[in-house]
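These notes concern the structure reproduced below.
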Amino acid sequence: MDVHAFTLHERPTPESKGDHSYVEAGMDDPNGDIPSRWYHGCDQLNEFLAGLDLLAITLPLTSLTWSMIAREQFQTLGKRNAFVSNVGQGPIVNNDDLVDALNNGKIRGAAVDVTDPEPLPAGHPLWKAKNVITTMSEF
């Protein structure tokens, strides 16, 4: 397995690539060695996506990440028939474009724990989209 990482800001040094947060013993990456390739900045987003089989979205919601994954990004992900997982924030993914990508076979499938809007209304097209798993968390 080859892991690629994307950050909004460059991490040019080994120290900046390391994981310095609290994690269980043996589950960390203190030196940032696990990603074999790092991408940064919005101008490298599609280049990052083009090499993926699985996109795991764990981003916080900011003005830069709002609707960051939309039609153009699904087109790019579709070149490898990638699978998309969003456990970050719902509005990072444009749900209308996600439904289109799923129903038209642009991506292999999706697993979403967050949506926009949340909770997802009963009649929303995402409930009936092809190859999607929804695990809505309620707090």
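For the sequence shown, the UniProt record's numbering gives the first residue as 1, with consecutive numbering after it.
Built from N, CA and C at the ideal position, the CB exists for glycine as well.
Treat the numbers as computed from the prediction; the structure is a model and nothing was measured.
Are the CB atoms of residue j and residue i within a distance shorter than 8 Å?
| i | j | result |
| --- | --- | --- |
| Leu-98 | Lys-130 | no |
| Asn-95 | Thr-115 | yes |
| Pro-119 | Met-136 | yes |
| Leu-59 | Gly-88 | yes |
Helix, strand or coil: which one does DSSP assign to residue i?
| i | result |
| --- | --- |
| Ser-16 | helix |
| Leu-45 | helix |
| Pro-125 | helix |
| Ala-110 | strand |
| Ala-5 | strand |
| Ala-56 | strand |
| Thr-135 | coil |
Can you give me the Cβ contacts of residue i inside the same chain, cut-off strictly under 6 Å, excluding the 5 residues immediately before and after it?
| i | result |
| --- | --- |
| Arg-37 | His-4 |
| Ala-56 | Ser-85 |
| Phe-6 | Tyr-39, Phe-48 |
| Gly-109 | Phe-83, Asn-131 |
Only counting the same chain, and skipping five residues up and downstream in sequence, which positions put a Cβ closer than 7 Å to that of residue i?
| i | result |
| --- | --- |
| Arg-80 | Leu-52, Asp-53 |
| Leu-8 | His-40, Gly-41, Leu-64 |
| Pro-35 | Val-3, His-4, Ala-5 |
| Met-1 | none |
Output needed for residue i: all residues of its chain with C-beta closer than 8 Å, excluding positions within five of it in sequence on either side, in chain order.
| i | result |
| --- | --- |
| Thr-76 | Asn-46, Leu-49, Ala-50 |
| Arg-11 | Lys-17, Gly-32, Trp-38, His-40 |
> At what residue ranges does the segment 60–108 contain a whole run of the beta strand (DSSP E), taking only runs of 3 or more?
Replying inline: 83–86
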